[in-house]
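Data block below; observations after.
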Amino acid sequence: MAVSFSRELTPALGRHVQGWKNSLNEAWHPLAMQWAEGLTPTSISSTNVEHIFPRLDVTDHRHVFKAFDNLSPAAVRVVLLGQDPYPNEAQATGRAFEQGDLESFRAQKPRVAHSLNMMLRMMVKATVIQADERPRTKREDLRTLLAQAPLKVVSPTQVFDRLVAQGVMFLNASLTISKSASRRNNDHLRGHLAFWRPFVQAVLRDLLVRNGSAPVFLLMGKPAQRLFDDMTASTCASTRTRVVRSKHPSANSFCREANPFTLVNDELSAAGAQTVKWLPTSLDGASSK
């Protein structure tokens with residue numbers, strides 16, 4: 624039953640993130656302290672709650688708070704806000720849309736996850752294809768396109784690492800998910816989203832009201848947009864909020880919409896800031912963190 628699941632899920636999540644200080648980048652500790660005060664240890668059995676991931680401890684370069692690694696609040700220039708982790712534990716890393724089991728764009732397996740595939744198509748367009756041209760977006764052509772000149776895109780992990788080095792934060796509205804047969808069950812999704820809402824909204828609020836220029840917020844999908852709108856309704860920002868809204872990349876129509884990555888760069892340019900190179904390549908050299 625939904626009620627039973629919710630009652631079990633919340634304390635299980637609270638227990639899942641006990642010891643968060645050892646996992647979360649220290650630069651974000653002051654912001655997280657108030658949220659953490661509401662977390663209380665519990666002895667409730669989690670036998671009826673399916674496995675929660677990503678894990679808190681760092682395992683194979685993946686953990687709950689990976690979105691905050693190698694980023695201080697002051698370094699964030701773009702917040703890409705998604706919904707929740709991939710439902711496959713091998714794919715969920717803690718950074719939105721990063722696919723943990725994908726080591727190379729050249730190998731035929733595993734397949735690029737649909738959401739990441741759609742994002743990469745639009746990143747290609749934002750990087751090398753003129754705005755008045757249709758992108759080459761056939762799924763079967765994507766790997767070849769990413770590996771050839773003039774792109775010669777680096778490995779999937781390096782793509783995310785180098786975007787982070789440019790100040791892009793890959794954050795989800797929910798930082799965890801459960802291994803569940805009823806993946807699309809609304810109660811299942813709401814439980815995780817509700818648990819993380821106070822923390823994620825605190826992060827967004829802090830970035831929005833900080834001194835200097837606030838980042839550009841790229842809101843991908845309705846859950847991300849609702850979370851952000853609820854936060855801004857009770858927040859007084861001293862600067863104009865720079866927001867780009869798009870469909871979630873899982874939507875088949877994502878590539879038929881205005882390119883969100885181009886729109887983010889338009890916002891950065893308008894503010895006199897350096898634009899993001901959305902597809903770092905082997906020709907760029909290593910970026911410093």
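Here the working numbering is used: the first residue of the sequence shown is 624, the next is one more, and so on.
Quick reminder that beta carbons are idealized off the backbone N, C-alpha and C, glycines included.
Within the same chain, show all residues whose beta-carbon is closer than 6 Å to that of residue i, passing over the 5 residues directly before and after it, in chain order.
i	result
residue 777	903 and 905
residue 854	824, 827 and 828
residue 876	none
Just the Cα atoms here: how many angstroms apart are residue i and residue j?
i	j	result
residue 662	residue 633	10 Å
residue 883	residue 841	7 Å
residue 648	residue 733	30 Å
residue 665	residue 826	Residue placement at residue 665 is poorly supported in this model, since its pLDDT is 45, which falls under 50; the coordinates are not used for a value here.
residue 873	residue 741	7 Å
residue 636	residue 710	16 Å
residue 638	residue 659	12 Å
residue 681	residue 858	33 Å
residue 702	residue 731	31 Å
residue 751	residue 849	32 Å
residue 892	residue 898	6 Å
residue 644	residue 687	12 Å
residue 844	residue 851	11 Å
residue 743	residue 901	9 Å
residue 685	residue 715	8 Å
residue 781	residue 788	10 Å
residue 869	residue 819	22 Å
residue 881	residue 652	36 Å
residue 810	residue 800	12 Å
residue 708	residue 779	17 Å
residue 739	residue 856	31 Å
residue 745	residue 642	38 Å
residue 907	residue 786	12 Å
residue 683	residue 693	16 Å
residue 885	residue 689	25 Å
residue 863	residue 878	28 Å
residue 765	residue 896	30 Å
Measure the Cβ-Cβ separation of residue i and residue j and say whether it is below 7 Å.
i	j	result
residue 791	residue 839	no
residue 655	residue 695	no
residue 749	residue 836	no
residue 679	residue 640	yes
So, at 8 Å on beta carbons, what are the nonlocal neighbours of residue i in its own chain, with the 5 sequence-adjacent residues on each side left out?
i	result
residue 712	674, 676, 677 and 802
residue 829	654 and 696
residue 822	655, 658 and 798
residue 769	728, 743, 747, 776 and 902
residue 737	872 and 873
residue 833	696 and 697
By Cβ distance, which residues of its chain are closer than 7 Å to residue i, with the 5 residues on each side in sequence left out?
i	result
residue 890	839, 865 and 867
residue 783	718, 721 and 793
residue 847	704, 705, 706 and 796
residue 699	790, 792, 830 and 838
residue 691	647, 648 and 651
To which residues does DSSP link residue i through a beta bridge?
i	result
residue 715	722
residue 795	705
residue 682	685
residue 868	842
residue 904	776
residue 801	675
Note to self: I'd like to know if the stretch 725 to 735 and the stretch 810 to 819 are in contact, where contact means that at least 3 CB-CB pairs between them fall below 8 Å.
What the structure shows: no
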